[in-house]
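Asks: For the sequence shown, the UniProt record's numbering assigns the number 87 to the last residue and increments by one with no breaks.
Sharing a structure, written as C-alpha cells. Questions coming.
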Amino acid sequence: MNKDEFIERLKKIVKPYVQDETAYEELSEETDFIRDLKINSANLVDVVLDVEDEFDIEIDNESMEKMLSVKSAIEIIEQKLTEKNDR
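Written out as C-alpha cells, the structure is:
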C-alpha cells in the first residue's frame, strides 16, 4: 500500500472527528491531528481504535502517544502491519 492509499484511508477514519473542514480538505502527510484538524485528545483515542479496526492491527500505548500526525500514523501503521505479517 502506498502513502496516498494510507492517507485516503486515514481521511475516512478521521472525518467524523475533524473540527476544521478546511484543514481536512488539505490533509497531507504533514497534517497534525490536534493542531491542524482540531481533533481533541479524547477523540484521538477513537481515531486510534478506528485505525486498529481498519487495518486489523494493535497499537500499544507508546505508539498511540506518538500518533499525532498523518505521517507518524502512517509510519506506525506500516510498522504494525510488518510486525503482524512477520508472525
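Backbone N, C-alpha and C define an ideal beta-carbon position, used for all residues, glycine too.
From N61 to V51, what distance separates their C-alpha atoms?
Replies: Rounded to the nearest whole angstrom, the C-alpha separation of N61 and V51 is 14 Å.
Asks: Per DSSP, which one or two residues make a beta bridge with S69?
Replies: D32
Asks: Just verifying my parser: in three-state terms, what is the DSSP assignment at N85?
Replies: helix
Asks: Under 7 Å: does the beta carbon of A73 sit that close to some heavy atom of the ligand NAD?
Replies: No copy of the ligand NAD occurs in the structure displayed, which carries no ligand at all.
Asks: Using CA atoms only, rank isn't needed, just tell me which of Q79, K71, V48 is closest to V14.
Replies: V48
Asks: Could you pull the start and end residues of the alpha helix (DSSP H) that K11 belongs to?
Replies: 3-14
Asks: By a C-beta neighbour count over all protein chains shown, 10 Å radius and 16 as the cutoff for buried, is S28 buried or exposed?
Replies: Its Cβ having fewer than 16 others within 10 Å, S28 is exposed.
Asks: In this structure, how does DSSP classify D53 when only helix, strand and coil are distinguished?
Replies: helix
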